[in-house]
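**Student:** First the structure, which I've put down as structure tokens, then a few questions once you've had a look.
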Amino acid sequence: MAQRTRGPKWLPTTVLPLTVSLLTTIAPIGVMPAATQPLLRVDQLAQTTSPDLPEEQVRQGQIADLPIWVYPVGAAVLILVFLPKIGWIAGLIVIGEREVGIVTKKFSAKSLPAGRLIALNGEAGLQADTLPPGWHFGYFPWQYSVHKAPVVVIPQDEIGLIVANDGAAIPPERILGKVVQSENFQNARQFLTQGGEKGRQLAVLTTGTYQINTALFEVITSATANQHGMVPAQLKVYAVQPDRVGIVTTLDGTPIEAGEIAGPVIAGHDNFQNTQTFINRGGRRGLQEQVILSGSWNLNPWFVQIEQVPMTEVPIGYVGVVISYVGGSHEDVSGESFTHGNLVNRGDKGVWIEPLHTGKHPLNTKIMKVELVPTTNIVLNFTSRFQGEHGYDSSLVALKLLSFDGFTFDLEVFQIIHVGAMDAPKVISRLGSMQNLVDQVLRPIVGNYFRNSAQEYTILDFLIARSERQAEAAEYVRQALRTYDVQAVDTLIGLITPPPELMQTLTDRKIAEEQEKTYVTQRIAQTQRQELVRETALADIQKEVVTAAEGVNIAKLQAAAAVERANGESASIRLTGEAKAAAYQAGVNALGPQSYTALQLMQVIGDRQVRVVPDVAVSGSNGTGLIDAMMGMMLWNQPSIAQTNGSNGQPPVVEGQLIDESKSS
């Protein structure tokens, strides 16, 4: 707290007893002389206060008996009337609750030393000690002047900067006054006696209320920032946003060592909030290795400058190889087998042997560089038609090749590579970046191989045997990239663009070959069609063939049967004939030839129902025989509808002829 200024030594022994005596003398006076009585002398006054005063004198009005409340009221009136004068005489100064008294001594037997502004030993001038809230005596106006200044208030989430108007000189190697114990600049005497330095201070005031001697200390807040060439935002509590880091540059301290670009990490200064600890432990002026993480910090803008940058993010499918420009040891830990660069441990200067894995890392990008290396398969397109999202193949184009027979043609190649997570630092140490790997290693290897290979074949042979060329290229590139700690997954040949005239020749040849194949195919198809027709026909007549074959067999059997039947019939006929002949012969012998013949004739006529007598007989000599015959026939048919034929069922017989109904109809 602010120190109470000491008053004159005679104040408690002289002024205060006189004041108390005056008040105690006035307060007991309880009687006053009547208006008609002359003023009493001192000896008379003593008599009036005697307890032996007769009651009659009191009753006659010579002495008045006043009410009891008159005494304190009278004392209060006297105090109000005489207090200013008493305070002036006693040197009374009253300091309010939100004030601080800054004392200036007008004269003294001692003078301030040269170059000093604040008095410590009673010299004339501004005094180091201030007056806190309350009553203070002995500050007579003819010797002292007291300025009542408001207390210093630092709002929430703000800081206050201090400029000391007195103190020791700041050494040339520093620009800010050192931090000394002074109760947050509230004890000016302690600040000056403990070696506090004049000028801008390292220490800051945080949120709160302070009783500060503003004659010695000039306090800069956000409300007064513009008056001192600053912006109010500089007097705010500094906030580092989430997912960002603050890169620190200190403005005070010892210079950075030669050959280094940043000051080393200093322990114990609480993220540059404890500035004196940073200075005392050898903190360097300039860029710092240490960064400030997300949060709010009470930072002195005269001491540090902060640049916020995003945290270093390593995406999924990548590792981050750290190239550090600061650090202690440069010891190579890559081993004897790796001779194309150095790898160092984490925290040393160089390429770290251990990569950063997927995630966000609070790295100082001013002193470190992170090369992202994809650990998934990468397709590098030797074509101008498109490129991969990674962008490594943006400068790759289709290869221009010269064949053995002197033709030039374009060849697209797609190279698939893979870099292991633990091999990534080796690749970066050797080549510097993935882009350098593509431009300085992969493109020459792939391009030179195909240029050499193309000159060993004609273009048509190259086109025809592209699969063999692809397999050979894949094996060659695999062996070549293994030297660079890179795995060649596959090498694929894409679009081949030969000269148009050669392509036309090849196209015509191909068309002819295809036509020849078509003709052969058609001939084969026709032959097969013929075979199909023949087979179909054979299949169709097979039934007839079978039927015919079976018919032959049947005919043979029928012929044999017919022969047998004929033989049987002939034998039967012969026997029958012989029997009939014997019977005829017996009949002839019995009846005679004519009689037997007539008998047989009549028998035949009877068996076959041969009509001998006509049903209608027409005769005439007048030339109407035909008409008469027709009339007779009609009449013959008229009597009976059912009887359409003769009486014996045979067609009617006209005289002299047999009528055939089938012909007549």
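Residue numbers (the numbering used here): 823 to 1487. Note that beta-carbon positions come from the ideal geometry of N, C-alpha and C, so glycine has one too.
Tell me which residues share the same chain as G1085 and place their Cβ nearer than 8 angstroms to its Cβ, disregarding the 5 neighbours each side in the sequence.
**Tutor:** Counting from one through the sequence shown, the residue named residue 1085 turns up at place 263. Closer than 8 angstroms at the Cβ level, and outside the excluded window around G1085, lie T1072, G1075, I1078, G1105, R1106, R1107, G1108, L1109, Q1110, E1111.
**Student:** Can at least three beta-carbon pairs, one atom from the segment 1306-1317 and one from the segment 1229-1246, be found at a separation below 8 angstroms?
**Tutor:** Yes, the segment 1306-1317 is in contact with the segment 1229-1246.
**Student:** Beta strand (DSSP E) containing T1071: first to last residue?
**Tutor:** Mapped onto the sequence shown, residue 1071 falls at position 249. Start and end: 1066-1072.
**Student:** Apart from the five residues on each side of it in sequence, which residues of its chain come closer than 8 angstroms, Cβ to Cβ, to H1152?
**Tutor:** Numbered from 1 along the sequence shown, position 330 holds the residue referred to as residue 1152. Contacts found: N1164, V1166, D1170, K1171, G1172.
**Student:** Could you tell me the alpha carbon to alpha carbon distance between N1006 and G1149, rounded to whole angstroms?
**Tutor:** Position 184 of the sequence shown holds residue 1006. Position 327 of the sequence shown holds residue 1149. Going by the C-alpha atoms only, they are around 37 angstroms apart.
**Student:** I need the straight-line Cα distance from A824 to V1087, nearest angstrom please.
**Tutor:** Working through the sequence shown from its first residue, we reach residue 824 at position 2. Working through the sequence shown from its first residue, we reach residue 1087 at position 265. Note that A824 scores a pLDDT of 45, beneath 50, so its modelled location is shaky and nothing firm can be said.
**Student:** Given 8 angstroms as the limit, is there contact between the segment 1020-1028 and the segment 941-952, that is, 3 or more CB pairs closer than that?
**Tutor:** As far as the Cβ criterion goes, the segment 1020-1028 does not touch the segment 941-952, which means the pair count is below three.
**Student:** Contact defined as beta carbons within less than 8 angstroms: I believe V1053 pairs with A1047. What is the distance between those atoms, to the nearest angstrom?
**Tutor:** For the purposes of this step, residue 1053 is taken as the residue at position 231 of the sequence shown. For the purposes of this step, residue 1047 is taken as the residue at position 225 of the sequence shown. 6 angstroms between Cβ atoms; contact.
**Student:** Do you know offhand how far Q1130's Cα is from P1184's?
**Tutor:** Locating residue 1130 in the sequence shown gives position 308, counting from the first residue. Locating residue 1184 in the sequence shown gives position 362, counting from the first residue. Roughly 11 angstroms between the two C-alpha positions.
**Student:** Please report how far the alpha carbon of G1390 lies from the alpha carbon of Q1364, in whole angstroms.
**Tutor:** One-based indexing of the sequence shown puts residue 1390 at position 568. One-based indexing of the sequence shown puts residue 1364 at position 542. C-alpha separation (whole angstroms): 37 angstroms.
**Student:** Have a look at K768 and A1370 and give me their C-alpha separation to the nearest angstrom.
**Tutor:** As displayed, the chain neither begins before 823 nor continues past 1487, which places residue 768 out of reach and without an answer.
**Student:** Look at P1123 and L1057 and say whether their C-beta atoms are less than 9 angstroms apart.
**Tutor:** Position 301 of the sequence shown, counting from 1, holds the residue named residue 1123. Position 235 of the sequence shown, counting from 1, holds the residue named residue 1057. Result yes, Cβ atoms of P1123 and L1057 sit closer than 9 angstroms.
**Student:** Put A1089 into one of helix, strand or coil per three-state DSSP.
**Tutor:** Taking the sequence shown and counting its residues from 1, one reaches residue 1089 at position 267. Of the three classes helix, strand and coil, the one that applies to A1089 here is coil, per DSSP.
**Student:** Helix, strand or coil for A1296, going by three-state DSSP, please let me know.
**Tutor:** Translated into positions along the sequence shown, residue 1296 becomes position 474. A1296 falls in the helix class under three-state DSSP.
**Student:** For the segment 924-932 against the segment 950-957, are there 3 or more C-beta pairs whose distance is under 8 angstroms?
**Tutor:** Touching, per the Cβ criterion.
**Student:** Is it true that the CB of D1232 sits closer than 9 angstroms to the CB of I1175?
**Tutor:** In the sequence shown, the residue the question calls residue 1175 occupies position 353. In the sequence shown, the residue the question calls residue 1232 occupies position 410. Taking 9 angstroms as the Cβ cut-off, I1175 and D1232 do not qualify as a contacting pair.
**Student:** Just curious, the beta strand (DSSP E) that S1146 is in, first and last residue?
**Tutor:** Sequence index remark: in the sequence shown, residue 1146 carries index 324 (1-based). Unbroken beta strand (DSSP E) run through S1146: 1140-1146.
**Student:** Kindly list the residues whose CB is nearer than 8 angstroms to the CB of D979, restricted to its own chain and excluding five residues on each side of it in sequence; keep chain order.
**Tutor:** Counting from 1 along the sequence shown, the entry for residue 979 is found at position 157. Closer than 8 angstroms at the Cβ level, and outside the excluded window around D979, lie T1029, K1058, V1059, S1118.
**Student:** I believe V975 touches T1031 by the beta-carbon criterion, under 8 angstroms. Please report the beta-carbon distance rounded to the nearest angstrom.
**Tutor:** Here residue 975 is taken as the residue at index 153 of the sequence shown, counted from 1. Here residue 1031 is taken as the residue at index 209 of the sequence shown, counted from 1. V975 to T1031, Cβ: 5 angstroms. Contact.
**Student:** Who are the near neighbours of A1393 in its chain, counting only those whose CB is closer than 6 angstroms to its CB and skipping five residues on each side?
**Tutor:** Against the sequence shown, residue 1393 aligns to sequence position 571. Result list for A1393: empty, nothing under 6 angstroms.
**Student:** Taking only runs of the alpha helix (DSSP H) that begin and end inside the segment 1005-1058, which ones reach a length of at least 4 residues, in chain order?
**Tutor:** Listed in chain order, they are 1010-1015.
**Student:** Of all the alpha helix (DSSP H) runs that stay within the bounds of the segment 1240-1285, which reach a length of 4 or more residues?
**Tutor:** Listed in chain order, the complete alpha helix (DSSP H) runs (minimum 4 residues) inside the segment 1240-1285 are 1246-1253, 1265-1276.
**Student:** My assumption, with CB atoms under 8 angstroms, is that T1187 sits in contact with Y1140. Please give the rounded CB distance.
**Tutor:** To locate residue 1187, count along the sequence shown from 1; it is residue 365. To locate residue 1140, count along the sequence shown from 1; it is residue 318. Going by Cβ atoms, the distance from T1187 to Y1140 rounds to 17 angstroms, so no, they are not a contact pair.
**Student:** Within this structure, are the beta carbons of L998 and F1094 separated by less than 9 angstroms?
**Tutor:** Position 176 of the sequence shown, counted from the start, is the residue given in the question as residue 998. Position 272 of the sequence shown, counted from the start, is the residue given in the question as residue 1094. No, the pair does not count as a contact, with Cβ atoms beyond the cut-off.
**Student:** Check L1328 in the structure and name its three-state DSSP category.
**Tutor:** As a first step, residue 1328 must be located in the sequence shown, where it is residue number 506. It is helical.
**Student:** Following the continuous alpha helix (DSSP H) through L1224, name the residue where it begins and the one where it ends.
**Tutor:** Here residue 1224 corresponds to residue number 402 of the sequence shown, with the count starting at 1. Per DSSP, L1224 belongs to no alpha helix (DSSP H); it is in the beta strand (DSSP E), 1221-1224.
**Student:** Per DSSP, R1106 forms a beta bridge with which residues?
**Tutor:** Position 284 of the sequence shown, counted from the start, is the residue given in the question as residue 1106. BP columns for R1106 point to T1076.
**Student:** Roughly how many whole angstroms lie between the Cα atoms of A1089 and F1100?
**Tutor:** Looking up residue 1089 in the sequence shown gives position 267. Looking up residue 1100 in the sequence shown gives position 278. Spanning the two alpha carbons is a distance of roughly 8 angstroms.
**Student:** Pick out whichever of F1204, D1227, L1285, G1228 has its Cα sitting closest to the Cα of L1221.
**Tutor:** Residue mapping note: residue 1221 aligns to position 399 of the sequence shown, counting from 1. The shortest Cα separation from L1221 among F1204, D1227, L1285, G1228 belongs to F1204.
**Student:** Under 9 angstroms between the Cβ atoms of A1243 and H1162?
**Tutor:** Position 421 of the sequence shown, counted from the first residue, corresponds to residue 1243. Position 340 of the sequence shown, counted from the first residue, corresponds to residue 1162. Against a cut-off of 9 angstroms, the Cβ pair of H1162 and A1243 comes out as no contact.
**Student:** What residues match up with K927 in a beta bridge as DSSP calls it?
**Tutor:** On the sequence shown, residue 927 is found 105 positions in, with the first residue counted as 1. Beta-bridge pairing links K927 to G947, Y966.
**Student:** Which two residues bound the contiguous beta strand (DSSP E) that contains I1315?
**Tutor:** As a working mapping, residue 1315 is identified with position 493 in the sequence shown. Taken as a continuous stretch (DSSP letters only), the beta strand (DSSP E) holding I1315 covers 1309-1319.
**Student:** Within 10 Å of its beta-carbon, does Y1341 have 16 or more other beta-carbons around it, so buried, or fewer, so exposed?
**Tutor:** For the purposes of this step, residue 1341 is taken as the residue at position 519 of the sequence shown. With fewer than 16 other Cβ atoms within 10 Å, it is exposed.
**Student:** What is the C-beta distance between S1225 and A1276, in whole angstroms, given that I count them as a contact (C-beta under 8 angstroms)?
**Tutor:** Working through the sequence shown from its first residue, we reach residue 1225 at position 403. Working through the sequence shown from its first residue, we reach residue 1276 at position 454. About 5 angstroms separates the two Cβ atoms, so the contact holds.
**Student:** List the endpoints of the continuous beta strand (DSSP E) containing I1200.
**Tutor:** Within the sequence shown, residue 1200 is the residue found at index 378, counting from 1. Run containing I1200: 1200-1204, per the beta strand (DSSP E) assignment.
**Student:** Using beta-carbon positions only, say whether G982 and K1000 come within less than 9 angstroms of one another.
**Tutor:** On the sequence shown, residue 982 is found 160 positions in, with the first residue counted as 1. On the sequence shown, residue 1000 is found 178 positions in, with the first residue counted as 1. The answer is no: Cβ separation not under 9 angstroms.
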